[in-house]
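K.L.:
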Amino acid sequence: MSARRPPATRRAPSAARPPASAGGSDLDRPLASAGIPGIAPATAAALARGLGLHTVRDLLEHTPRRYIDLSRTAPIGETGIGEEATVVGTVVRVRGRYVRSGRHLLMVRVSDGSGDLDGIWWNQPFRAKAFAEGATVAMAGKVERNRAERRSHSPCIQNPFVEVLRGPGTEAVHTSRIIPVHPATERVSANQIRRFVHEALRRYGVLVPEPVPPGLVGARGLMPRSEALAEIHFPSGDARRWAAHRRLVFEELLVLQTGLAIRKRRVERETAGFSHAGGGALVERFLSSLPFRATGAQRRTIEEIAADLAAPRPMNRLLQGEVGSGKTVVAVAAALRVAGSGAQVAFMAPTEVLAEQHYAVVRRLLEPVAGLAPAEEGRLFGDGFGVELLTGSVTGAGRERALEAAASGRASILIGTHALIQEGVEFARLGLALVDEQHRFGVHQRLALRAKGGQPDALIMTATPIPRTLALTLYGDLDVSVIDEMPPGRVPVETSVARTPADRAAAYDRIRAEVAAGHQAFVVCPLVSESESLEAKAAEREFARIGAEVFSGLRLGLLHGRMNSSKKEAVMRAMRDGEIDVLVATTVVEVGVDVPGASVMLVEDADRFGLSQLHQLRGRVGRGGQPAWCVLLTSLDPKGAGEDEEEREVARRRLDAMVRTSDGFELAEEDLAIRGEGQILGRGTIDQDGGAPLQTGRTDLRFARLLRDQKVLAEARSEAFALVDSDPHLELPEHRPLLAEVRRRFADRLDWLFAS
Ligand code: ADP
Ligand code: MG
């Protein structure tokens, strides 16, 4: 069915012959000299600058953002108030003016003979120039009564989705009843681009190569690539458009995963790493010395990691686990295995507070294993074993000692911050690079840590729940272990949104009651974007205010990024030891800090925070098994009016999601879904994106959406690995076009991802 020809009535762009000079490289022709009518040098420059379209191929792969289905339009006279509608009509009036409140009001009236409908925009006077009286436009959105202009009896659509179909001097391209709307720039309209793409398909469509091996095309019933491109731009119907889309999604993911598979297999073939086969008995002793039983998920991930460590090739593994799932225990087990096999471990954390916490925890956890009291010098295991700390604030003799211990091999475990990857830090025999809270580090820092050794194993830990498929794509050469089980007895943190002064007072009462019961609270101050010092000032003010007005008599602490690290550490220690009742802090506390006695988290201006940040913050309380509360304060008025309606809606959805679920994976998916919205589409338009956005700049996927296409991604991944395992260099003739496509599409990204 996929190979069916388009209906004969359709002006199929791919039906024309290519230019006489055609060859494969013609797809790489600069647009200015591609012979496409209307693309003058100035237009080509605008396409390149505004949209990154340089060549014919770029234009062919410039996917529509959405479509307008002109077969489902309604006569204006038949649309009802409150309905979503798409109409087509003639612009009869364009009027912009300033209303009494000082805001600018732009009204564009469209008429189709059955009635008039006004498109309304506030404070966007520049839009007026997109419309000319007499132009034919499609307009979509929710039909409302026109409140902006009492005298007008026409209904209106606020911020409608509008597409000019035919304007003065521009012919419409109507190859089908579903027309594409391509991303456009200020200089080149979607209408023009539609014509350029149409012409490019007509002239060059048949030159488009097929990268998917013929066997797979057949087995999966894929539409051929050139046909799919024609169909994705100018659909001949919904079913065929989806078939085209499916095919392009599969191809894109196959190409990406093939690149990853080649890289992974090559690394496995060519690099000899350490085999850390010892330390097993130490790990067992360690686990049985814990004051709790390791969860099944902890045991399983410890085993997965042990198998990798024992193998002679370098481990490259991502350890994912919800906030509080107990990643530290797993990390320490890995460290013990490596140290027990006679190699060293570098353990890097994103902040000093966290590095210091890890240092204390690791030493405490290892005490019973070593059978020794904690040694002042950081030595735990007699001569061969030691744990040392290296951060920016470890200086002088302490720093000298840490460096010497690393270089001589006396330190088995060196814990620290970015300080670990600085010049001058050397290891005698680095066997494992451990990175905590990976989302705070760039790839390069991760690689820099590995570079401190020969081919050390790497274990990267993250609590930022990345949907599994996203992890596979972004970290395609990594193996993934997931701690998908929480330690027993954790009660979900009761989360609420507080809007009124009464809500706030109740939250303060809750804190007083909890403190009276021997627990502690965090008060997180508003995010001040881009300025740590403003943020610190705000925290100081809040600290003073609640100390005087709200919690007099309680022991308050203050923590922000501008304090020096010994001060920070002292505050964190006091908090951990229960000497502080209420800690007023900036988001410094977001990452990994473990205060078992804390039971209330109050977040000021919670609507300013991202979902993953809120989730991290909430993860700071209830870690000791006690009931816990998270109060999200906001002054956001859910019903208020104004221009930033969309922004408010997004913030509201974030807060709702926090109240609804404590599952980090669900929140991550919600986050992606929320960020993907913001387009106003009427019925009759089709949203190409299906909800989820790209992480722009990260994978540059054009067709696939990682959330929506998870299943296809998994399939593409297994096909890709099967292909590469059967033909490691993709030398067979039927695999060569695929290899070429891998190089072309992802070469630079692969370097970025996997620079080694
Ligand atoms: P995260 O995964 O967020 O880094 P941590 O490793 O800091 O989590 O662990 C959170 C808390 O849970 C710590 O206080 C730790 O001692 C405790 N913990 C870890 N594993 C278990 C377990 N199996 N049973 C009970 N408590 C545990
Ligand atoms: Mg942690």
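Here our numbering is used: the first residue of the sequence shown is 84, the next is one more, and so on.
For glycine and all other residues, C-beta sits at the position ideal for the given N, C-alpha and C.
Predicted model only: the values in this text are computed from it and were never measured.
1) Under the rule that 16 or more other beta-carbon atoms within 10 Å means buried, what is residue 236, buried or exposed?
2) Please classify residue 812: is it buried, with 16 or more other beta-carbons within 10 angstroms of its beta-carbon, or exposed?
3) Since residue 225 sits in a beta bridge, which residues does DSSP pair it with?
4) Are there any heavy atoms of ligand 1 lying less than 7 Å away from the beta-carbon of residue 570, as far as the coordinates show?
5) What does the Cβ neighbour count give for residue 395, buried or exposed, with the cut at 16 atoms within 10 Å?
6) Would you identify the three-state DSSP class for residue 399, choosing helix, strand or coil?
7) What I want to know is whether the C-beta of residue 567 ends up closer than 7 Å to one or more non-hydrogen atoms of ligand 2.
8) Spatial neighbours of residue 742 within its chain, please: CB distance less than 7 Å, with the 5 preceding and 5 following residues excluded, ordered by chain position.
9) Whose C-alpha, out of 608, 314, 241, 515, is nearest the C-alpha of residue 671?
10) Taking 7 Å as the cut-off, is the C-beta of residue 670 nearer than that to any heavy atom in ligand 2?
11) Taking only heavy atoms of ligand 1 into account, decide whether any of them is closer than 7 Å to the Cβ of residue 407.
12) Give me, in chain order, the residues of the same chain whose beta-carbon lies closer than 8 Å to that of residue 821; leave out the 5 immediate sequence neighbours on both sides.
13) Consider the C-beta atom of residue 404 and the heavy atoms of ligand 1; say whether any pair is separated by less than 7 Å.
14) Which runs of the alpha helix (DSSP H) fall wholly inside the segment 672-749 and span at least 4 residues, in chain order?
15) Sort 316, 402, 335 by Cα distance to residue 305 and report the nearest one.
16) Buried or exposed, going by whether 16 or more other CB atoms sit within 10 Å of the CB of residue 246?
17) Which residue or residues does DSSP assign as beta-bridge partners of residue 204?
18) Which class does residue 655 belong to by DSSP, given the choice of helix, strand or coil?
19) If we ignore side chains and look at the alpha-carbon of each, how far apart do residue 819 and residue 826 end up?
20) How many Å lie between residue 744 and residue 680 at the Cα?
21) Are residue 496 and residue 418 closer than 8 Å when you measure CB to CB?
22) Nearest CA to the CA of residue 706: which residue from 571, 600, 797, 718?
23) Where does residue 318 sit, in a helix, a strand or coil, going by DSSP?
24) Quick check on DSSP: helix, strand or coil for residue 119?
25) Please say whether residue 424 and residue 356 have beta carbons closer to each other than 8 Å?
26) If residue 164 and residue 238 are in contact, beta carbons under 8 Å, what's the gap, nearest whole angstrom?
27) State yes or no: is the C-beta of residue 381 nearer than 7 Å to some heavy atom of ligand 1?
28) Which residues share a DSSP beta bridge with residue 666?
29) Among 121, 144, 200, which residue has its Cα nearest to the Cα of residue 167?
30) By the three-class DSSP mapping on this structure, what secondary structure does residue 456 have?
31) According to DSSP, is residue 429 helix, strand or coil?
32) Thinking C-beta only, is residue 332 closer than 8 Å to residue 787?
33) Tell whether a beta-carbon distance below 8 Å holds between residue 585 and residue 683.
34) Using a 10 Å radius around the Cβ and a threshold of 16 neighbouring Cβ atoms, would you call residue 768 buried or exposed?
35) Looking at the strands, I want to know which residues DSSP matches up with residue 570.
36) Which same chain residues, not among the five before or five after residue 628, have their C-beta less than 8 Å away from its C-beta?
P.N.:
Answer, in terms of the structure:
1) Here residue 236 corresponds to residue number 153 of the sequence shown, with the count starting at 1. Answer is exposed; the Cβ neighbour count stays below 16.
2) Position 729 of the sequence shown, counted from the start, is the residue given in the question as residue 812. Exposed: under 16 other Cβ atoms inside 10 Å.
3) Position 142 of the sequence shown, counted from the start, is the residue given in the question as residue 225. Partner(s): 167.
4) Residue 570 sits at position 487 when you count from the first residue of the sequence shown. The answer is yes for residue 570.
5) Counted from its first residue, the sequence shown places residue 395 at position 312. Flag for residue 395 reads exposed.
6) If you number the sequence shown from 1, residue 399 lands on position 316. Reduced to three states, the DSSP call for residue 399 is strand.
7) On the sequence shown, residue 567 is found 484 positions in, with the first residue counted as 1. Answer for residue 567: no, Cβ out of range of ligand 2.
8) As a working note, residue 742 is residue 659 in the sequence shown. Contacts found: 578, 579, 580.
9) Against the sequence shown, residue 671 aligns to sequence position 588. Looking at the Cα atoms, 608 is the closest of the given residues.
10) For the purposes of this step, residue 670 is taken as the residue at position 587 of the sequence shown. Not so, every heavy atom of ligand 2 lies at least 7 Å from the Cβ.
11) Position 324 of the sequence shown, counting from 1, holds the residue named residue 407. Taking 7 Å as the cut-off, the C-beta of residue 407 counts as close to a heavy atom of ligand 1.
12) Walking along the sequence shown from the start, residue 821 turns up at place 738. 294, 295, 296, 337, 338, 341, 806, 813, listed in sequence order.
13) On the sequence shown, position 321 is the one that residue 404 refers to. It does: the Cβ of residue 404 is within 7 Å (strictly closer) of some heavy atom of ligand 1.
14) Every alpha helix (DSSP H) of 4 residues or more that sits fully in the segment 672-749 is shown, in chain order, as 694-701, 728-743.
15) Position 222 of the sequence shown, counted from the first residue, corresponds to residue 305. The shortest Cα separation from residue 305 among 316, 402, 335 belongs to 335.
16) In the sequence shown, counting from the first residue as 1, residue 246 sits at position 163. Here residue 246 is buried, its C-beta having at least 16 other C-beta atoms within 10 Å.
17) On the sequence shown, residue 204 is found 121 positions in, with the first residue counted as 1. Residue 204 is bridged by DSSP to 189.
18) As a first step, residue 655 is located in the sequence shown; it is residue number 572 there, counting from the start. Correct three-state label for residue 655: helix.
19) Here residue 819 is taken as the residue at index 736 of the sequence shown, counted from 1. Here residue 826 is taken as the residue at index 743 of the sequence shown, counted from 1. Put simply, the backbone Cα of residue 819 is about 11 Å away from that of residue 826.
20) Working through the sequence shown from its first residue, we reach residue 744 at position 661. Working through the sequence shown from its first residue, we reach residue 680 at position 597. Answer to the nearest angstrom: the Cα atoms are 23 Å apart.
21) Your numbering for residue 496 matches position 413 in the sequence shown. Your numbering for residue 418 matches position 335 in the sequence shown. If you check the CB distance, residue 496 and residue 418 come in under 8 Å.
22) Taking the first residue of the sequence shown as 1, we reach residue 706 at position 623. Selected option, being the one with the closest Cα: 571.
23) Reading the sequence shown from its first residue, position 235 is the one you call residue 318. Three-state DSSP puts residue 318 in coil, outside helix and strand.
24) For the purposes of this step, residue 119 is identified with residue 36 of the sequence shown, where counting begins at 1. Coil, per DSSP.
25) For this step, residue 356 is matched to residue 273 along the sequence shown. For this step, residue 424 is matched to residue 341 along the sequence shown. Contact: no.
26) In the sequence shown, counting from the first residue as 1, residue 164 sits at position 81. In the sequence shown, counting from the first residue as 1, residue 238 sits at position 155. The pair is a contact, with the Cβ atoms about 6 Å apart (cut-off 8 Å).
27) By one-based count along the sequence shown, residue 381 stands at place 298. It does: the Cβ of residue 381 is within 7 Å (strictly closer) of some heavy atom of ligand 1.
28) Indexing the sequence shown from 1 puts residue 666 at position 583. Note: residue 666 sits in a beta bridge opposite 605, 640.
29) Position 84 of the sequence shown, counted from the first residue, corresponds to residue 167. For residue 167, the closest of 121, 144, 200 by C-alpha to C-alpha distance is 200.
30) Residue numbering aside, residue 456 sits at position 373 when the sequence shown is read from its first letter. Because the pLDDT at residue 456 is just 33, under 50, the model does not fix this residue reliably, and the point stays unresolved.
31) Here residue 429 corresponds to residue number 346 of the sequence shown, with the count starting at 1. Three-state DSSP puts residue 429 in a strand.
32) Stepping through the sequence shown from its first residue, residue 787 is reached at position 704. Stepping through the sequence shown from its first residue, residue 332 is reached at position 249. In this structure, residue 332 lies closer than 8 Å to residue 787 by Cβ.
33) As a first step, residue 585 must be located in the sequence shown, where it is residue number 502. As a first step, residue 683 must be located in the sequence shown, where it is residue number 600. No, the Cβ-Cβ distance between residue 585 and residue 683 is not below 8 Å.
34) Residue 768 sits at position 685 when you count from the first residue of the sequence shown. For residue 768, the pLDDT reaches just 26, beneath the cut-off of 50, and the residue's location in the model is therefore unreliable, although a value from the coordinates is still provided. When all chains shown are included, residue 768 counts as buried.
35) Here residue 570 corresponds to residue number 487 of the sequence shown, with the count starting at 1. Looking at the DSSP assignment, residue 570 forms no beta bridge with any residue, so it has no partner.
36) Counting from 1 along the sequence shown, the entry for residue 628 is found at position 545. Around residue 628: no qualifying Cβ.
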